[in-house]
Amino acid sequence: MRLIECLLIQITKMKDPPIGGLKRKASAVEGNGRSLSKASKRAAFEDITNAADNERINNKTTIKNQMKKGLTSIRSNFANKKIPVKKKAVPVISSHVVRPNIRKLDRALPKPKITSNSPKFIDSEREEILGENVLSSQTSSQDESKSFGGIALSDSENEPDRSHNKWIEETEKKWPVPPEGVIDFDLENINDPNQCSIYAAEIFDYYRSRESQFAVADYMKTGSHPEINESMRSILVDWLVEVQESFELNHETLYTSVKIFDLYLSLEKSPVKKDELQLIGATACLIACKVDERLPPPLDDFVYVCDDAYSREQIIVMERRIIQTVNYDVGYPLSYRFLRRFGRVCKVTMPVLTLARYILEMSLMKYEFNICGTSESKLAAAALILAFKIHGILGWVDTLKYYSGYSPVKDLKEIVMKLYKVISEPHLGNLKTIKDKYSHIVFHEVALVPIPERIVVDED
8 MRLIECLLIQ
18 ITKMKDPPIG
28 GLKRKASAVE
38 GNGRSLSKAS
48 KRAAFEDITN
58 AADNERINNK
68 TTIKNQMKKG
78 LTSIRSNFAN
88 KKIPVKKKAV
98 PVISSHVVRP
108 NIRKLDRALP
118 KPKITSNSPK
128 FIDSEREEIL
138 GENVLSSQTS
148 SQDESKSFGG
158 IALSDSENEP
168 DRSHNKWIEE
178 TEKKWPVPPE
188 GVIDFDLENI
198 NDPNQCSIYA
208 AEIFDYYRSR
218 ESQFAVADYM
228 KTGSHPEINE
238 SMRSILVDWL
248 VEVQESFELN
258 HETLYTSVKI
268 FDLYLSLEKS
278 PVKKDELQLI
288 GATACLIACK
298 VDERLPPPLD
308 DFVYVCDDAY
318 SREQIIVMER
328 RIIQTVNYDV
338 GYPLSYRFLR
348 RFGRVCKVTM
358 PVLTLARYIL
368 EMSLMKYEFN
378 ICGTSESKLA
388 AAALILAFKI
398 HGILGWVDTL
408 KYYSGYSPVK
418 DLKEIVMKLY
428 KVISEPHLGN
438 LKTIKDKYSH
448 IVFHEVALVP
458 IPERIVVDED
């Protein structure tokens, strides 16, 4: 008995919870995932952001120099700091799959009573054997039907191909015939579904018809935003190019961002302050990512690239304002899309097309090319013509005139000469992001191609 009592006492002690057990460490993260320590705000654009302190504003330094410092801090901080990426938990599938025991189930289930009117049931093994025999007999009968007496019979599987070929023949009869010397690019690629050859011409005609709908008014000349000037806009576009590189965004996203930015400033009636400039640019890029990117960056990434100058709530509020101001329509006809189309139909090489892309991207920084009076399709055709002239390529006039609808001399000469002046003149201060980008070997170092001292735009 005494031994039993001792054992019971030991068991009772084992059941008691340990005294002074380990406590869970206090988390430094709140329930919503944010850090308890308040993030220090750093002005990306110095005194034109809302994060500038009073001392910095009172200093008599120029806005241009302060913007340069802001851009430099963004480059260094973004290069050294990694944006945290939340990894989704992947469900682990067990390699051992538990399968039901068919024999036990068969024994447990009551067997049906078979009568003369009941259907005959076959066990699974006989059913599999019977199925194989039926399939083999069907296959042999199909093989026999394909060839009878050495004569090949029609196969039903080939019927869709024949109907498709017949449809192509009928489409070719209605196809517009290009002038002599112009290669019909769409007809050559009619069997390639990725080219959308049937609808390509109509798609770009539709884009061209919408260009006037999204014309940007000269908001700087009207004086609706007195604190904003062309130099500030150029600095912001240079920063957007850097964001596009850092996030590895599509080039269409960059062009859409600049278009949204200009349209918003041209339609916004209340004056925009200079400390809102970067907020509008970052929000325009966020909206463009939702339109053109398959996987748009999260909102926190845009807060980060602005050096915490703006909060999440400020970007969300600005996003609503921009979307309402542009009337919820962001399907813009972009010059970059026209350039890709013109490059395809002219069958240009990648270095020539990349040079035209460099010229077109340089035009984004110039205010005069992004306001009313210059259409996106004309700008794209002019950039490609200038690339042809720099490389000394001939034989493109008729093809480009047919697919773009513009004459190189009558419609595009003035724009070509303006673009030539842009790439010939020295860059503004430290705004060399586009030039550095296209000086890389990935972009065929097109920014380093020597520019001729003189070009002539003619019909040759």
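So for the sequence shown, this note's numbering puts the first residue at 8; every next one is plus one.
Ideal Cβ placement from N, Cα and C applies to all residues, glycine included.
Note that the structure is predicted; figures quoted are calculated from it, not measured.
- For ASP465, same chain residues with a beta-carbon under 8 angstroms away, outside a window of 5 residues either side, are PRO415 and VAL416 in chain order.
- Its chain contains VAL250 as the residues whose beta carbon lies nearer than 6 angstroms to that of VAL312, once the 5 sequence neighbours on both sides are disregarded; these appear in chain order.
- Using a Cβ distance threshold of 7 angstroms, GLU383 and PHE349 do not count as a contacting pair.
- Using a Cβ distance threshold of 7 angstroms, GLU259 and ASP314 do not count as a contacting pair.
- Excluding sequence positions up to five before and after ASP225, its CB lies within less than 6 angstroms of the CB of ILE378, all in the same chain and listed in chain order.
- Inclusion of LEU341 and ALA363 in the CB contact set at 7 angstroms is not warranted, their separation being larger than that value.
- Exposed is the label assigned to MET357, since fewer than 16 other Cβ atoms lie within 10 Å of its Cβ.
- Taken in chain order, the complete alpha helix (DSSP H) segments of 4 residues or longer contained in the stretch 384-418 are 404-411.
- When only Cα atoms are considered, LYS439 and GLU252 end up about 13 angstroms apart.
- Taking 7 angstroms as the cut-off, the beta carbon of TYR343 is found closer than this to the beta carbon of TYR262.
- Judged by DSSP in its simplified three-state form, ARG319 adopts helix.
- Taking one beta carbon from each stretch, the stretch 230-243 and the stretch 316-334 have fewer than 3 pairs nearer than 8 angstroms; the two do not touch.
- Here SER411 is buried: its Cβ has 16 or more other Cβ atoms, across all protein chains shown, within 10 Å.
- ALA208 is the residue among ASN172, ASN198 and ALA208 whose C-alpha sits nearest the C-alpha of PRO185.
- Counting along the chain, the unbroken alpha helix (DSSP H) around TRP246 starts and ends at 237-254.
- Per the C-alpha coordinates, the member of ASN196, ARG328 and ILE430 positioned closest to GLU460 is ILE430.
- Annotation for LYS420: the continuous alpha helix (DSSP H) segment containing it runs 420-431.
- Excluding the 5 residues flanking it on each side, ALA289 has same chain C-beta neighbours closer than 6 angstroms at PHE309 and CYS313, in chain order.
- In this structure, LYS266 lies near TYR339, with their beta-carbon atoms less than 7 angstroms apart.
- In this structure, the beta-carbon distance from ALA295 to SER273 does not fall below 7 angstroms.
- The C-beta separation of PHE268 from ALA291 comes to about 4 angstroms, placing the pair in contact by the 8 angstroms criterion.
- With respect to GLU237, TYR374 sits close: the two C-beta atoms are nearer than 7 angstroms.
- Excluding its 5 nearest sequence neighbours in each direction, ASN201 has no C-beta neighbour in its own chain below 6 angstroms.
- With a cutoff of 7 angstroms on beta-carbon distance, VAL355 and LEU393 are scored as not near each other.
- Of the other Cβ atoms in all chains shown, 16 or more fall within 10 Å of the Cβ of VAL352; this residue is therefore buried.
- Boundaries of the alpha helix (DSSP H) harbouring ARG351: 342-352, taken from the DSSP string.
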